[in-house]
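Numbering (our numbering), first residue to last: 1342 to 1456. C-beta atoms are modelled at their ideal positions from N, C-alpha and C, and glycine is treated no differently. Okay, so here's the structure we're looking at.
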Amino acid sequence: MSTLIYHMAHEADWAAALNSRTYAGSADDRHDGFIHFSAGALIAGSAANHRAGQADLLLVCCDAEALGPALKWETSHDGIDFPHLYRPLDPVEVLWTVPLPLGPDGVHMLPERLD
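This is the structure:
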């Protein structure tokens, strides 16, 4: 069984990745040295804490196991494990992407089910 993980990408960054066939992450990801992902149960919190009010996002879904040994699960300062990818992501490794719009309350509207 696959473990699905999620990344929030800016639409312009993802469009560039599709053209170049490589995605190095956001400016924050590049600064940190890895691409930030979240498990499905944590993506709403990640969106609220790190991408609040940003309307130009896509939710990018990947199979954690398919990303190989460059994906590391690391414990955050508050004791929660997050997946971090220590290499660029090839768009062909992505299972799907969907727009991540803001609702009327300014909170991101996530897909109904994220496993």
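Under 8 Å between the Cβ atoms of I1384 and L1430? no
Residues in its own chain within less than 6 Å of A1382 by CB, not counting five upstream and five downstream? The answer is none, since no qualifying residue turns up.
Starting from H1449, follow its DSSP beta bridges and name the residues at the other end. L1443
Three-state secondary structure (DSSP) at S1379? strand
Are the beta-carbon atoms of P1432 and A1358 separated by less than 8 Å? yes
Please say whether A1389 and L1443 have beta carbons closer to each other than 8 Å? no
On the DSSP letters alone, give me the boundaries of the alpha helix (DSSP H) that I1384 sits inside. I1384 to H1391
Use the C-beta contact count for A1350: other C-beta atoms within 10 angstroms, 16 or more gives buried, fewer gives exposed. Burial call: buried.
Using the DSSP secondary-structure output, state which residues sit across from P1424 in a beta bridge. W1414
For L1441 versus L1399, is the C-beta distance shorter than 8 Å? yes
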